[in-house]
Each structure stands twice: as structure tokens, then as C-alpha cells.
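Protein chains in written order, with the numbering used here: chain S, 150 to 670; chain L, 8 to 107. Encoded as C-alpha cells, the structure appears first; notes follow it.
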Amino acid sequence: MSQRAEFVLGDEFAKVLTETTMSLVSVLDRDGRILLFNDACERVTGFTRDEVIGVDAREFVIPPEEAEAFGEVLAYIWSTGLSSPQVGHWLTRNGERKLIAWSNRLMESEDEGGSAVLVTTGIDLSASTPTGVDDAAFEGDPGAKLAEISRLAQEQRALRRVATLVASEATPERVFTAVSEECARVLEVNASAVFRFEGDDTATIVGRHSRAGDADAFNLGMRLSATEDTGIGRVLRTGTPARIHDYAEKPGEIADNMRRMNYRSSVSAPIVVAGILWGAVGIASAEPLPADTEARLGAFCELVSLAVASAQAREDLTASRARLVKAGDEQRRKLERNLHDGAQQRLVSLALTIRLARRKLDSDPAGAASSLEGAAKELDLALEELRELARGLHPAALTEQGLGPALAAVAKRLPIDVDVSAPAERLPENIEATAYYIVSEALTNVAKHAHASKANVDLTVAGSALRFEVTDDGRGGADPSAGSGILGLRDRAEAVGGTLFVISPPGKGTIVTAQLPLSDA
Amino acid sequence: MFARLHALRTTQEQHDLGLEIVRDQLLPWLRDSSGFRGLIRLWDSAEAKTLVITLWADEESLRASAAAGNQLGELTAETVGTTRLALEDYEVSLFDVTAG
Chain S
150 MSQRAEFVLG DEFAKVLTET TMSLVSVLDR DGRILLFNDA CERVTGFTRD
200 EVIGVDAREF VIPPEEAEAF GEVLAYIWST GLSSPQVGHW LTRNGERKLI
250 AWSNRLMESE DEGGSAVLVT TGIDLSASTP TGVDDAAFEG DPGAKLAEIS
300 RLAQEQRALR RVATLVASEA TPERVFTAVS EECARVLEVN ASAVFRFEGD
350 DTATIVGRHS RAGDADAFNL GMRLSATEDT GIGRVLRTGT PARIHDYAEK
400 PGEIADNMRR MNYRSSVSAP IVVAGILWGA VGIASAEPLP ADTEARLGAF
450 CELVSLAVAS AQAREDLTAS RARLVKAGDE QRRKLERNLH DGAQQRLVSL
500 ALTIRLARRK LDSDPAGAAS SLEGAAKELD LALEELRELA RGLHPAALTE
550 QGLGPALAAV AKRLPIDVDV SAPAERLPEN IEATAYYIVS EALTNVAKHA
600 HASKANVDLT VAGSALRFEV TDDGRGGADP SAGSGILGLR DRAEAVGGTL
650 FVISPPGKGT IVTAQLPLSD A
Chain L
8 MFARLHALRT TQEQHDLGLE IVRDQLLPWL RDSSGFRGLI RLWDSAEAKT
58 LVITLWADEE SLRASAAAGN QLGELTAETV GTTRLALEDY EVSLFDVTAG
């Protein structure tokens, strides 16, 4: 039997593959500028490579509302070196939005002098959505046309019901449950669920519809492991709709529950909110699901994404307000305790010491002098404690000298080296106060928890926003979902219309990056 | 409930001065202390002895107030010109007081 050596994948092969593949292939530099744009990219977007090469992707193909999320993904990939599969939209020359599922990987490039570039490959999901099916409704036999038109009308009614619910400011739970019900109705199945990905390979059921009633094995609030053997797990990994033909031999909690409910197969599709893979809808059936289910569920999910985004935004806002109120209450309680146990106690002691000195004045002048000396020391300490508390409320240096000097004073009091770079110009009062609070809190966290030797604070005014970054060389691994520290910082940024993100890969330090708008301040 | 007992040797004059300090300076501060539940001051004129008992909700608040209790108690004794006979902590085993 003759043996042949495996085909060697050289540069020429890579070139041919890039230009002949139906997949979108592009290469970006660290700033998001396009370095390569293959034929498929040209076909899908209508832009030529001459137009886009060397230009930031956000100026051409990334829609404005997803530009920020795109930047976050780039920052994540460059800072961690990890791939980050995404689903997002591309704008075409004629203003259409195409839904693209992306995978990506960093690669060292000789053309770029040995620096890394980001290779991305994508599939145009819009090409498999019912756009084609809509056209088919106007071709073929009248029966099929009628069925297709009826189906589209049913989808429209379902969407209208969800939209009405969102407009009535229903609770997120009701909206998610309605989305689940409508998916089941449109896809004609008995059970469906809306899952929210939790950022750790798990997903929580936030909306559920099932005809099984109390006997249902999947309940609201259940947090399930989104493994590769599950539909939602595959959606999480690929950003595209996924099908499990048969759960008979599959391991895991989801498969166990599916068997218990006598569901044989499932189809899941992604819900993408502002360019980020937010969650998935899964439908289940005792019978094999029709061949076009992925496309239909995928298209429906794309349409309900806006409803989910609105509901999620409202839930986030409510939670954020509650956290801000709670944080304010806690701050006031802490302040009251600090005043009582610190300065007030010293002043009580001082009052007694002065009485003692007065009593000793005639009989023991030396003792009286000593008591007065003690009283003066006690008074100094009380004053220092009051100054410290006042600084915590709103430092005078911030009001009088601005962010740079105020943050430099914070840095000086910390037990680690901190470099602070801040604009000399004065900014709106509430933006300065918010930035001061966030940076001081982030630096305090670095000093307390990060095991870092140094930190860097860099604030710049870019256009109509204040951007800043706090980085450290500590152990990383900060979990935004644990405790209220990072959430509290994000709440503060969002309260003035800004954004805040934390990137903290284990062993690689932590980056807190925020942007606060100056125009609405 | 827990209690801290301060015992002092006091003349009439010292008792009156101590009472004024406790009422005007210590008590307003004590009332805002975590877990503070009340204060009882007892005087035995025949024995020239004053007892001050502060009451605390739990062992934690008793412990948290120990340093301040010791420092302010000693300072008060010195200010009224007397010495402290004892400073002791107790657990309250029965508490039945009718107001008024």
C-alpha cells in the first residue's frame, strides 16, 4: 500500500485559500485597522480592499452602535492573547446590516515587523436567514406560497406581542417568558427556554415555556453547564445556531433532563445584544425538528434581540440604582461610625482632660500642664481624623487643583508605586468627582488585593470624553461578578452616562478602563 | 445582654461631679455607640461607693467598647479625683425593669 506525505500548507496555499474561500477573512492590527480584506469580504460588504486597507474597521464595516463593543473585544484579545468568538453586524456599502459569526486568533506577522496581527474569519449568517425564504414565498406553487405567507404573518404577530410587552415596561422575566412562548409558538414546539450566558461556561434560564407544567425539568433561574454536548454550549462556542439530533447518548445535566422530559432533539440559536453574544433560545422536541429550524429560530432570535436588550437594560438599570442607593447608605453608615469611634470619642476625652487640668491647676500645676499637653495631642489627632474623613467625602485638592494633583495625593498615601498622568485642564465637576472616586477606589483595590508592586493611572481627554485606565502588575483574576467592588465602579461610571470595563486575566495584572462623556456632564 | 461594671470610691462631691460628667458628656456619646443598651448609676453614700453599669446588646459590642470604656472610665475617675476600685464584665442573666 503506497503512503503519501501530508500536503504542506505553504504561503501560496494560504493565499489561494484566502481568496477562494466563501468565508470572510480579514486581518486587523492592534488599533483595529484593516490589513487584509479578502474577496468574500468585498462581495458581502460591497467595499473594495483599496477603500478599506489601512482604515479602522469602525469607520467602514462596524456599525456605530457596536463600535464600542468591538473596541472592548479587541482590547480583550490583545491584552489576554486569547481568542474571542463573536457575533456582530457588518455594514455594507448600501447601508444593509449583515450578521456575521466570527472566530479570531492572534498571529505573529513578518510583514508587520514581527508584531502580532489579528486574523479573523467569519460566516455571513444573514445569507442563511429567511431572506431567501421570503423570496421563495413569491415563487412556486400557490399552496406553498400561502403557507409561507401565513408563517411570516405569524412571526410578525409574535414580534408585535413581544414589542408591545417591552413597550409596556413589563419586567424582564415577563419579557423573556414571552420570548420563550413566542419561539415555541412560531417554531411549533412544546418547549422552549431563553438562556442568559453568565461568562463562565454556564447559562441561566431566564424565560421558560413548557406544556409540561409542574412536571417540567427546566425551571426559571436554573443555572446549567453549557458544555459542548449541548445546543446552548455549541452556540456559546460558535455564535451560530446549533442542533442536537439526539440526546440519547449525551452526558450531563441538560441531557439527563431532556431525556426525562422525553425530548429527543433540540435547536438553539444565539441572542446577540449590541454585538455581544448575550444568550440563546433553545427549543426542544420529541420528534426530529425540520431541516430549516436553525435558520428560522436564528432569524427570529435576531429579531427579538432588541426586545431582550431593552428588558436587560431595564433590569441592569434597576439593579444599578439599587446598588447605588445601598452603596450610599453604607457610606453614610461607615462615616457615622468613623466619626463616632474616632473624632467624637477623642473630643469627649479632650473635654474630660481639660476639666482634669482645671482641677489640678492650683494643687498640681505640673500635672495640669501635662494634662493640657495630652489634650493638645488628642486635639491634633481629632483634627487629623476629621481631615481624613473630609478628604474621603470630597478632597479639597480636587476642588481647588483638579484631578491630577488630587490623584497624585491619593497615590502618595498608598504603599505601592503609582504613576499618574492626567490632563491639566479642568473638567466638569461631576466628571472629575466620578473619575476621582473610580481611580481612588481602583487604586485602593490594587493596594489591598492585587499583590502588585506598581500601578499606572492614565487619564486623557479624547474628543468629548474623558478616558482613563488603571493598570497594575499584580496577580489579576479579579472577578467582576464577585462582591460589589467592580460593580460599584461600573455603577458610578454608568450613573454619568459612561462605561467601565475590567480585564483581569489570572497572573497578568488588571486593567480598569473607563470612558465618561464630557458633553452631557 | 452583657454588662460592664465600673466601681469607684466617691465622696458626695465626687459623686455629684461624676454624675454631671456622665450625664452631659459620656451618655450622649454612649447612646450612639453600636450595641449600647443603657446605663445605671448606683450610689451608696454610707459606703462612699459609686457603681456604674453599662449594658450592651451582645458580647461583640461589649468587646468593641472595651478600650473606650477603659480609657474614658479611668479619665472620668481621675477628673473627679478618685480611683477606680474595679472594672468588670458580666453576662446579664436576668433583666426585668419596669420603666418609671
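All C-beta atoms in this analysis are idealised placements derived from N, C-alpha and C, irrespective of residue type, glycine included.
Along the segment 74 to 92 of chain L, where does the CB come closer than 9 Å to a CB of chain S? Name the residues.
ALA75, GLN78, LEU79, LEU82, THR83, GLU85, THR86, VAL87 and GLY88
Which listed residue (L/GLN32, L/HIS22, L/ASP23 and L/GLU27) has its alpha carbon closest to that of S/VAL497
The residue you call residue 497 of chain S lines up with position 348 of the first sequence. Considering only alpha carbons, the answer is L/GLN32.
Every unbroken alpha helix (DSSP H) within the segment 572 to 645 of chain S, with a cutoff of 4 residues, ordered by chain
578 to 598 and 634 to 644
Chain S residues whose Cβ lies nearer than 7 Å to that of L/ASP39
For the purposes of this step, residue 39 of chain L is taken as residue 32 along the second sequence, with counting starting at 1. Chain S residues near L/ASP39: HIS489.
Using the Cβ count rule (16 or more neighbours within 10 Å means buried), how would you classify S/VAL315?
The count along the first sequence starts at 1 and reaches residue 315 of chain S at position 166. Buried, by the Cβ-count rule.
Classification of S/ASN187 by the beta-carbon crowding that lies within 10 angstroms, buried from 16 upward
As a first step, residue 187 of chain S must be located in the first sequence, where it is residue number 38. Under this definition S/ASN187 is a buried residue.
What residues are listed by DSSP as bridge partners for S/THR351?
Taking the first sequence and counting its residues from 1, one reaches residue 351 of chain S at position 202. Per DSSP, S/SER374.
Assess contact between the segment 607 to 618 of chain S and the segment 561 to 577 of chain S, defined as three or more Cβ pairs (one per stretch) separated by less than 8 Å. Is contact present?
yes
So which residues of chain L does S/LEU505 contact, with C-beta pairs closer than 8 Å?
By 1-based counting over the first sequence, the position of residue 505 of chain S is 356. Residues of chain L passing the Cβ test: LEU82, GLU85 and THR86.
Locate the beta strand (DSSP E) running through S/LEU177, then write down its first and last residues.
For the purposes of this step, residue 177 of chain S is taken as residue 28 along the first sequence, with counting starting at 1. Where S/LEU177 is concerned, the enclosing beta strand (DSSP E) stretches over 173 to 177.
Would you mind giving the Cβ-Cβ distance between L/LEU15 and L/TYR97, rounded to the nearest angstrom? I have them listed as a contact below 8 Å.
By 1-based counting over the second sequence, the position of residue 15 of chain L is 8. By 1-based counting over the second sequence, the position of residue 97 of chain L is 90. A Cβ-Cβ distance of about 17 Å is found for the pair L/LEU15 and L/TYR97, leaving them out of contact under the 8 Å criterion.
Any beta carbon of chain S sitting closer than 9 Å to that of L/GLN32?
By one-based count along the second sequence, residue 32 of chain L stands at place 25. Interface residue, yes.
Segment limits, beta strand (DSSP E) that includes L/GLU95
Counting from one through the second sequence, the residue named residue 95 of chain L turns up at place 88. That run of the beta strand (DSSP E) goes 91 to 98.
Quick one: give me the first and last residue of the beta strand (DSSP E) that S/MET410 is part of.
Numbered from 1 along the first sequence, position 261 holds the residue referred to as residue 410 of chain S. Careful: S/MET410 lies outside any beta strand (DSSP E) and carries neither H nor E.
Proximity to S/GLY634 [Cα-Cα], best of S/LYS483, S/GLY623 and S/THR593:
Indexing the first sequence from 1 puts residue 634 of chain S at position 485. Nearest of S/LYS483, S/GLY623 and S/THR593 to S/GLY634, Cα basis: S/THR593.
S/ALA265 at chain L interface by Cβ criterion, 9 Å
Here residue 265 of chain S refers to the residue found at position 116 of the first sequence. No, because no Cβ of chain L sits closer than 9 Å to the Cβ of S/ALA265.
CB L/GLY45 to CB L/THR61, shorter than 9 Å?
As a position in the second sequence, residue 45 of chain L is number 38, starting the count at 1. As a position in the second sequence, residue 61 of chain L is number 54, starting the count at 1. Yes, they are a contact pair.
Suppose contacts are defined by Cβ-Cβ distances below 9 Å. Is S/VAL457 in contact with S/PHE344 by that definition?
Taking the first residue of the first sequence as 1, we reach residue 457 of chain S at position 308. Taking the first residue of the first sequence as 1, we reach residue 344 of chain S at position 195. No, they are not a contact pair.
Would you list, in chain order, the members of the segment 491 to 503 of chain S that have their beta-carbon closer than 8 Å to a beta-carbon of chain L?
Within the segment 491 to 503 of chain S, the residues whose Cβ lies closer than 8 Å to some Cβ of chain L are GLN493, GLN494, VAL497, SER498, ALA500, LEU501 and THR502, listed in chain order.
Look at the alpha carbon of S/VAL355 and the alpha carbon of S/ILE403, and state the distance between them as a whole number of angstroms.
Locating residue 355 of chain S in the first sequence gives position 206, where the first residue counts as 1. Locating residue 403 of chain S in the first sequence gives position 254, where the first residue counts as 1. Approximately 15 Å, taken between the alpha carbons.
Say whether chain S places a C-beta atom closer than 9 Å to the C-beta of L/TRP36.
Numbered from its first residue, the second sequence carries residue 36 of chain L at position 29. Yes - at least one Cβ of chain S is within 9 Å of the one on L/TRP36.
Secondary structure at L/LYS56, three-state DSSP: helix, strand or coil?
Position 49 of the second sequence, counting from 1, holds the residue named residue 56 of chain L. Residue state, collapsed to three classes: strand.
Classify S/PHE162 as buried or exposed, calling it buried when 16 or more other Cβ atoms lie within 10 Å of its own Cβ.
Residue numbering aside, residue 162 of chain S sits at position 13 when the first sequence is read from its first letter. It counts as exposed.
When you compare the segment 23 to 41 of chain L with the segment 641 to 650 of chain S, are there three or more beta-carbon pairs, one atom per stretch, that lie closer than 8 Å?
no
How long is the line joining the alpha carbons of S/ILE393 and S/THR376, rounded to whole angstroms?
Locating residue 393 of chain S in the first sequence gives position 244, where the first residue counts as 1. Locating residue 376 of chain S in the first sequence gives position 227, where the first residue counts as 1. Just so you know, the alpha carbons of S/ILE393 and S/THR376 end up roughly 12 Å apart.
For S/ALA366, name the three-state secondary structure that DSSP assigns.
Taking the first residue of the first sequence as 1, we reach residue 366 of chain S at position 217. It is coil, neither helix nor strand.
Helix, strand or coil for L/HIS13 per DSSP?
Within the second sequence, the letter at position 6 stands for residue 13 of chain L. If DSSP states are grouped into helix, strand and coil, L/HIS13 belongs with the strands.
Between S/SER454, S/ASP478, S/GLY523 and S/ALA627, which lies nearest to S/VAL122 when the distance is taken from Cα to Cα?
As displayed, chain S neither begins before 150 nor continues past 670, which places residue 122 of chain S out of reach and without an answer.
Per DSSP, cross-strand counterpart(s) of L/PHE43:
Taking the first residue of the second sequence as 1, we reach residue 43 of chain L at position 36. Answer by DSSP bridge pairing, in chain order: L/TRP63.
Would you mind telling me which residues of chain S sit closer than 8 Å to L/ILE28, beta carbon to beta carbon, in chain order?
Sequence index remark: in the second sequence, residue 28 of chain L carries index 21 (1-based). Listed by position along chain S, the residues whose Cβ is nearer than 8 Å to that of L/ILE28 are LEU501 and ARG504.
Can you give, in chain order, each stretch of the beta strand (DSSP E) that sits fully within the segment 456 to 516 of chain S and has at least 3 residues?
none
Would you identify the three-state DSSP class for S/PHE346, choosing helix, strand or coil?
Start at 1 with the first residue of the first sequence, and residue 346 of chain S comes out as number 197. Residue state, collapsed to three classes: strand.
Taking S/ARG508 as the query, report the chain B residues whose CB atoms sit under 7 Å from its CB, ordered along the chain.
Absent here is chain B; the protein component of the structure consists of chains S and L.
Would you call S/PHE449 buried or exposed, if buried means 16 or more other Cβ atoms sit within 10 Å of its Cβ?
The residue labelled residue 449 of chain S in the question sits at position 300 within the first sequence. Its Cβ being crowded by 16 or more others within 10 Å, S/PHE449 is buried.
Mind checking which residues open and close the alpha helix (DSSP H) that includes S/ASP160?
Within the first sequence, residue 160 of chain S is the residue found at index 11, counting from 1. 160 to 169 is the span of the alpha helix (DSSP H), which, as asked, contains S/ASP160.
Extent of the continuous alpha helix (DSSP H) run through S/LYS399
For the purposes of this step, residue 399 of chain S is identified with residue 250 of the first sequence, where counting begins at 1. From DSSP, S/LYS399 is part of no alpha helix (DSSP H); its letter is neither H nor E.
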